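Novice:
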Amino acid sequence: MASVTADYKLFTPLKLGDDLELKNRIVFGPLSRGRANADRVPSENNEIYYEQRAGAGLIISEATGISEQGYGWYNAAACYNDAHVKGWKRVTERVHKKGGKIFMQMWHMGRQSHSSFNPKGEIVSASALRLERGHTRDANYQSQDYETPRALETDEIPGVVESYRHGAELALKAGFDGVEIHGANGYLVDQFLQSVTNKRTDKYGGSFENRARLLMEIVEAVKTAVPAHRIGVRLAPNGAFAGMGSEDNYEMFKYTMERLSTYGLLLLNTAPSHHALDARRHSRASSWQRSWKAHALEQWT
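Per our numbering, residue 18 is the first one in the sequence shown, and the count goes up by one each step.
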């Protein structure tokens, strides 16, 4: 007997661009697992995990560190050297054997990292503002208060942008079918986007254009390594996780979405608003979520 779901559109192939076809329209979202080896190379557990989920048309990998500076999660996987590439290659090969496609989510933690992960013993952000609530884990998996980050100097930011371009280049070398830029959940890109964490007075702070500048420079750099129709961006316009949630978020993220829509990217992935800080903000976030959906459909379809 034919499956009752055989004719469901969800289970039909989807062609994206000229050379990327998904076997179905199911996308498995990113989930941090902490199963890599101590050298940040994906382990056999990572291989098994992704192989088991390769029934989805597209997998977005767990958040993956794209530099030593941006790394800060115990046993998270990374992709900034040849050993990492070889480890991820074993993962992508197993996904492809099952007929699936997989994108790497590129991650810089910014102020949510811990100095023990960094050879220079420091963490960086848009501004020198400590995350006041909650705790992080150090390189020995011990709970620690968040530390005060060092604000990136203006002339350091091109190096951050280059780390994303390099990460995207290595992702393709590792067999990934594309990449997603993690700009949500209070990590570095989000720290530049939101006024609550960005108090800069240079060309990366202040106006919507300036606060979005880092993300746009990253997108433009990544596009030199990966075709636009194989690039996604994740944003959290309503999120208050990790001390985020700015009064001008609606206008800021509307501007950001409009800018991103001009690049011909594959997808915009918006994180939910379940980390709202209070009832008033939660009510506003719910209203915004409906507006985001309408705006995203208008800009991205």
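All C-beta atoms in this analysis are idealised placements derived from N, C-alpha and C, irrespective of residue type, glycine included.
Everything numeric in this text was worked out from a predicted model, so none of it was measured.
So Q69 is in the alpha helix (DSSP H); what residue range does that whole segment cover?
Specialist: Position 52 of the sequence shown, counted from the start, is the residue given in the question as residue 69. Element bounds for Q69: 61-69.
Novice: Cα separation between A242 and A185?
Specialist: As a working note, residue 242 is residue 225 in the sequence shown. As a working note, residue 185 is residue 168 in the sequence shown. Distance between the alpha carbons of A242 and A185: 6 Å.
Novice: With a Cβ-Cβ cutoff of 7 Å, do G260 and Y204 count as a contact?
Specialist: What you label residue 260 is simply residue 243 of the sequence shown in a count that begins at 1. What you label residue 204 is simply residue 187 of the sequence shown in a count that begins at 1. Result no, Cβ atoms of G260 and Y204 do not sit closer than 7 Å.
Novice: Decide if R182 is buried, meaning its Cβ has at least 16 other Cβ atoms within 10 Å, or exposed.
Specialist: Mapped onto the sequence shown, residue 182 falls at position 165. Buried.
Novice: Hey, T109 and A94: beta-carbon distance below 7 Å or not?
Specialist: Working through the sequence shown from its first residue, we reach residue 109 at position 92. Working through the sequence shown from its first residue, we reach residue 94 at position 77. Result no, Cβ atoms of T109 and A94 do not sit closer than 7 Å.
Novice: May I ask you to report which of helix, strand or coil DSSP gives M126?
Specialist: Position 109 of the sequence shown, counted from the first residue, corresponds to residue 126. In the structure shown, M126 sits in coil (DSSP, three-state: anything other than H, G, I, E or B).
Novice: Please confirm if the stretch 115-122 is in contact with the stretch 26-42, defined as three or more CB-CB distances below 8 Å between the two stretches.
Specialist: Taking 8 Å as the limit for Cβ pairs, the verdict is that the stretch 26-42 does touch the stretch 115-122.
Novice: Please report the straight-line C-alpha distance between S144 and F28, rounded to a whole angstrom.
Specialist: For the purposes of this step, residue 144 is identified with residue 127 of the sequence shown, where counting begins at 1. For the purposes of this step, residue 28 is identified with residue 11 of the sequence shown, where counting begins at 1. If I take the Cα positions, the gap works out to 45 Å.
Novice: Given that a residue counts as buried once 16 or more other Cβ atoms are within 10 Å of its Cβ, and exposed if not, what is S12?
Specialist: Given that the chain is displayed from residue 18 to residue 318, the structure contains no residue 12 and the question cannot be resolved.
Novice: Pull up the distance between the alpha-carbon of Q211 and that of K103, whole angstroms please.
Specialist: Position 194 of the sequence shown, counted from the first residue, corresponds to residue 211. Position 86 of the sequence shown, counted from the first residue, corresponds to residue 103. One C-alpha to the other measures close to 36 Å.
Novice: Can you grab the Cα-Cα spacing for the pair W105 / T287, in whole Å?
Specialist: To locate residue 105, count along the sequence shown from 1; it is residue 88. To locate residue 287, count along the sequence shown from 1; it is residue 270. When rounded, the distance between both Cα atoms is 26 Å.
Novice: Leaving out the 5 sequence neighbours to the left and right, which residues in its chain are closer than 7 Å to G281 when beta-carbon positions are compared?
Specialist: Position 264 of the sequence shown, counted from the start, is the residue given in the question as residue 281. Correct list, in chain order: A245, H246.
Novice: Within a Cβ cutoff of 7 Å, which residues of the same chain sit near N135, ignoring the five residues on either side of it in sequence?
Specialist: Reading the sequence shown from its first residue, position 118 is the one you call residue 135. Closer than 7 Å at the Cβ level, and outside the excluded window around N135, lie E85, Q86.
Novice: So which of I83, I76, L285 has the shortest CA-CA distance to S180?
Specialist: For this step, residue 180 is matched to residue 163 along the sequence shown. When only C-alpha atoms are compared, the closest one is I83.
Novice: Note the first and the last residue of the continuous beta strand (DSSP E) segment covering Q211.
Specialist: In the sequence shown, residue 211 corresponds to position 194, counting from 1. Careful: Q211 lies outside any beta strand (DSSP E) and carries neither H nor E.
Novice: When we look at the beta-carbon of Q122 and count the other beta-carbons within 10 Å, is it buried (16 or more) or exposed?
Specialist: For this step, residue 122 is matched to residue 105 along the sequence shown. Looking at its Cβ environment, which holds 16 or more other Cβ atoms inside 10 Å, Q122 is buried.
Novice: List the residues that DSSP assigns as beta-bridge partners of N98.
Specialist: Here residue 98 refers to the residue found at position 81 when the sequence shown is read from its first residue. Answer is none; N98 lacks a bridge partner.
Novice: Can you tell me whether F193 is helix, strand or coil according to DSSP?
Specialist: Here residue 193 refers to the residue found at position 176 of the sequence shown. Three-state DSSP puts F193 in coil, outside helix and strand.
Novice: If you draw a straight line from the alpha carbon of L31 to that of G195, how long is it in whole angstroms?
Specialist: Looking up residue 31 in the sequence shown gives position 14. Looking up residue 195 in the sequence shown gives position 178. Taking the straight line from one Cα to the other gives about 16 Å.
Novice: With which residues is G82 paired in a DSSP beta bridge?
Specialist: Counting from one through the sequence shown, the residue named residue 82 turns up at place 65. Paired residues: A95, W124.
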